[in-house]
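Novice: Protein chains in written order, with our numbering: chain A, 2 to 274; chain B, 2 to 274. Virtual Cβ for every residue (Gly too), placed ideally from N, Cα, C.
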């Protein structure tokens, strides 16, 4: 399988350098020659929305995605409506930043009824479609690892995200493939092919052995067991040619100097992805 | 959904009271009126195989399963053959103890090629079938939670275990449903129905929020988010009427006095399963 020969699709998800402000991350990308960035909303809020858009454009960066919307299920209709409102703000922010995709982390169930929560997710996304379309922002359903099913996302398999996207069947809704969340699935390659042009994002990192922490224990590419290049080829064969985000939740990595992380990221990307 | 009205199907998996020797666990079950036990092989080895069988029979207990065989993938043919030999020993032990089922935890990959590891698992189980049949022991493929894919089992969904059992298509091979490993799967109920008479075991416990530890962080029934009764009803509707094992990997629970754990187990079983 052919390696990548340039970093022109490489994107920094700001969680990877979580100690940096957005300005520091933007400057770091510019220094490192990385052309894409994927900011988290809290970093944008700190810097101010207009100012965030300006600093990203001034540095010549493009925005691969905004992280994150979602969190749809809630115990009452009023709470669910409030979540939809928050997602509308996220869509506006994505549009202002020029992000093509708003990543949806769909949320946990508010009680034990996981089936009902899944219906609330589908209903929530459906409600957002017109607003997303008006703003020229696509909604990317990101299935999370099943170990986050109780706390972060009742959407846990690519087959599930694909089924939801097919049910909605609009060009504004697709899926995001993150290797950390999906590598274990025996149906991964079938589901990547099924997703096809609906793939709106591709995230890389690695699965460490042992996992140092359930939330903050992801690895740098090459340090774990995921067949990164094989998955990248499958995603490309399905039709995805867009940016490739490095999204690593790892305290040790975010604590090291950001410039070091970016250098390592670039090398590992060419070597392993 | 109807609760259970007696504990006559309740079984103690010895991992739940991991500080107890097998003799202590057998005596504890007898005191608590629990009629089934599922020993781990290390506890049997400590007590001696013949002696273990005798103490269990003398106490009037039945053995719901022996934990565990499996661990098939390895880097060389010689290593894989050694794993098969070890599984033959486990089958002999299960037969000696009168266990109807040997639970298979299928093992991690020896390298990054998870697809090859899965083939090695299927091949390993196939090799064991004649020996299992001779000894009157059934082989129960237990899919583990995907968070254990890199370290314990490349078999991570019930659909996968069902497909393997269907491919082998012999009465000696079935599947084991453990709620901790499978509760998150949107295809769970479809796959339980598909498994049907191939279900050879049913394990209960709970998924705590937050998870205190990736390996030793399971909960007592009722302390977490799993729809235990709904799953139990589905397993019964599929045809399974056998023992229900309480298998909890949790240091806090195994550190408390075993008799307390057994009392709590009985109450929670009637209340939540």
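Compute the Euclidean distance between the alpha carbons of residue 81/A and residue 124/B, then round it to the nearest angstrom.
Specialist: Here residue 81/A refers to the residue found at position 80 when the first chain is read from its first residue. Here residue 124/B refers to the residue found at position 123 when the second chain is read from its first residue. Distance between the alpha carbons of residue 81/A and residue 124/B is about 49 Å.
Novice: Determine which residues share a DSSP beta bridge with residue 146/B and list them.
Specialist: Translated into the one-based positions of the second chain, residue 146/B becomes position 145. DSSP output for residue 146/B lists no bridge partner at all.
Novice: Enumerated in chain order, which unbroken segments of the beta strand (DSSP E) with a length of 3 residues or greater are wholly contained in the region 139 to 222 of chain B?
Specialist: List check, beta strand (DSSP E) in window: 139 to 142, 174 to 179 and 200 to 205.
Novice: Along the region 90 to 122 of chain B, where does the CB come closer than 9 Å to a CB of chain A? Name the residues.
Specialist: So the close ones are 109, 110, 112, 113, 114, 115, 116 and 119.
Novice: Assess contact between the region 115 to 133 of chain A and the region 89 to 107 of chain A, defined as three or more Cβ pairs (one per stretch) separated by less than 8 Å. Is contact present?
Specialist: Judged by Cβ distances under 8 Å, the region 115 to 133 of chain A makes contact with the region 89 to 107 of chain A, as three or more pairs qualify.
Novice: With DSSP collapsed to three states, give me the class of residue 246/A.
Specialist: Residue numbering aside, residue 246/A sits at position 245 when the first chain is read from its first letter. In the structure shown, residue 246/A sits in a strand (DSSP, three-state: E or B).
Novice: Give me the Cα-Cα distance between residue 78/A and residue 154/A, rounded to the nearest whole angstrom.
Specialist: The residue labelled residue 78/A in the question sits at position 77 within the first chain. The residue labelled residue 154/A in the question sits at position 153 within the first chain. Each residue's Cα considered, the two are about 19 Å apart.
Novice: How is residue 10/A classed by DSSP in three states: helix, strand or coil?
Specialist: The residue you call residue 10/A lines up with position 9 of the first chain. Of the three classes helix, strand and coil, the one that applies to residue 10/A here is coil, per DSSP.
Novice: Does any residue of chain A bring its CB to less than 8 Å from the CB of residue 228/B?
Specialist: What you label residue 228/B is simply residue 227 of the second chain in a count that begins at 1. For residue 228/B, the answer is yes, since a Cβ of chain A falls inside 8 Å of its Cβ.
Novice: Just grab the DSSP bridge partners of residue 39/A for me.
Specialist: The residue labelled residue 39/A in the question sits at position 38 within the first chain. Residue 39/A is bridged to 14/A.
Novice: Return the chain-ordered list of same chain residues with a C-beta closer than 6 Å to the C-beta of residue 100/A, the five sequence neighbours on each side being excluded.
Specialist: For this step, residue 100/A is matched to residue 99 along the first chain. Correct list, in chain order: 64, 66 and 67.
Novice: Residue 52/A CB to nearest chain B CB: under 8 Å?
Specialist: In the first chain, counting from the first residue as 1, residue 52/A sits at position 51. So no, residue 52/A is outside the interface.
Novice: For the region 197 to 211 of chain A, list every residue whose C-beta sits within 8 Å of some C-beta in chain B, in sequence order.
Specialist: Those would be 208, 210 and 211, in chain order.
Novice: What whole-angstrom Cβ distance do residue 70/B and residue 103/B have, given they're in contact under 8 Å?
Specialist: Here residue 70/B refers to the residue found at position 69 of the second chain. Here residue 103/B refers to the residue found at position 102 of the second chain. That pair is a contact at about 5 Å.
Novice: Using 8 Å as the limit for Cβ to Cβ distance, is residue 152/B near chain A?
Specialist: Reading the second chain from its first residue, position 151 is the one you call residue 152/B. Judged by the 8 Å Cβ criterion, residue 152/B is in contact with chain A.
Novice: As an exercise, report each continuous beta strand (DSSP E) stretch of at least 3 residues that is fully enclosed by the region 34 to 111 of chain B, in chain order.
Specialist: Counting whole runs of 3 or more residues, the region 34 to 111 of chain B contains the beta strand (DSSP E) stretches 37 to 39, 67 to 71 and 102 to 106.
Novice: Do we get a CB-CB distance below 8 Å when we pair residue 217/B with the residues of chain A?
Specialist: As a working note, residue 217/B is residue 216 in the second chain. No, no contact with chain A.
Novice: Does any residue of chain A bring its CB to less than 8 Å from the CB of residue 147/B?
Specialist: As a position in the second chain, residue 147/B is number 146, starting the count at 1. True, the Cβ-Cβ gap to chain A drops below 8 Å.
Novice: Counting only C-beta atoms, is residue 187/B closer than 8 Å to chain A at any point?
Specialist: Against the second chain, residue 187/B aligns to sequence position 186. By this cut-off, residue 187/B is an interface position.
Novice: Would you say residue 174/B lies against chain A (beta-carbon separation less than 8 Å)?
Specialist: Sequence index remark: in the second chain, residue 174/B carries index 173 (1-based). No, residue 174/B lies away from the interface with chain A (no Cβ there is under 8 Å from its Cβ).
Novice: For residue 157/A and chain B, any beta-carbon pair shorter than 8 Å?
Specialist: Counting from one through the first chain, the residue named residue 157/A turns up at place 156. At least one chain B Cβ lies under 8 Å of residue 157/A.
Novice: Rank 144/B, 180/B and 47/B by C-alpha distance to the C-alpha of residue 164/B and give the top, closest one.
Specialist: By 1-based counting over the second chain, the position of residue 164/B is 163. Taking only the C-alpha atoms, the option nearest residue 164/B is 144/B.
Novice: Could you list which residues in chain B have their beta carbon closer than 7 Å to that of residue 161/A, in chain order?
Specialist: Locating residue 161/A in the first chain gives position 160, counting from the first residue. Chain B residues near residue 161/A: 187.
Novice: How do the region 165 to 176 of chain B and the region 230 to 243 of chain B stand: do at least 3 beta-carbon pairs fall below 8 Å, yes or no?
Specialist: With the cut-off at 8 Å, the region 165 to 176 of chain B and the region 230 to 243 of chain B do not touch.
Novice: Does the separation of the CB atoms of residue 205/A and residue 183/A fall below 8 Å?
Specialist: For the purposes of this step, residue 205/A is identified with residue 204 of the first chain, where counting begins at 1. For the purposes of this step, residue 183/A is identified with residue 182 of the first chain, where counting begins at 1. Against a cut-off of 8 Å, the Cβ pair of residue 183/A and residue 205/A comes out as no contact.
Novice: In angstroms, rounded to a whole number, what distance separates the CA positions of residue 200/B and residue 23/A?
Specialist: Within the second chain, residue 200/B is the residue found at index 199, counting from 1. Within the first chain, residue 23/A is the residue found at index 22, counting from 1. Between residue 200/B and residue 23/A, the C-alpha separation is close to 53 Å.
Novice: Flag this pair as yes or no: are the beta carbons of residue 75/A and residue 111/A separated by less than 8 Å?
Specialist: Residue 75/A sits at position 74 when you count from the first residue of the first chain. Residue 111/A sits at position 110 when you count from the first residue of the first chain. Contact flag set, yes.
Novice: How long is the line joining the alpha carbons of residue 265/A and residue 215/B, rounded to whole angstroms?
Specialist: Within the first chain, numbered from 1, the residue matching residue 265/A stands at position 264. Within the second chain, numbered from 1, the residue matching residue 215/B stands at position 214. Their backbone Cα atoms lie some 28 Å apart in a straight line.
Novice: Roughly how many angstroms separate the alpha carbons of residue 25/A and residue 16/A, rounded to a whole number?
Specialist: For this step, residue 25/A is matched to residue 24 along the first chain. For this step, residue 16/A is matched to residue 15 along the first chain. C-alpha separation (whole angstroms): 13 Å.
Novice: If residue 159/A sits next to residue 196/A, beta carbons under 8 Å apart, how far is it from one beta carbon to the other, in whole angstroms?
Specialist: Counted from its first residue, the first chain places residue 159/A at position 158. Counted from its first residue, the first chain places residue 196/A at position 195. Right, their Cβ atoms sit about 7 Å apart.
Novice: Among 39/A, 136/A and 211/A, whose alpha-carbon lies nearest the alpha-carbon of residue 62/A?
Specialist: Residue mapping note: residue 62/A aligns to position 61 of the first chain, counting from 1. For the residues 39/A, 136/A and 211/A, the minimum Cα distance to residue 62/A belongs to 39/A.
Novice: Residues in its own chain within less than 8 Å of residue 260/A by CB, not counting five upstream and five downstream?
Specialist: To locate residue 260/A, count along the first chain from 1; it is residue 259. So the qualifying residues of the chain are 29, 32 and 33.
Novice: If I follow the unbroken alpha helix (DSSP H) through residue 268/A, where does it start and stop?
Specialist: Taking the first residue of the first chain as 1, we reach residue 268/A at position 267. Unbroken alpha helix (DSSP H) run through residue 268/A: 259 to 273.
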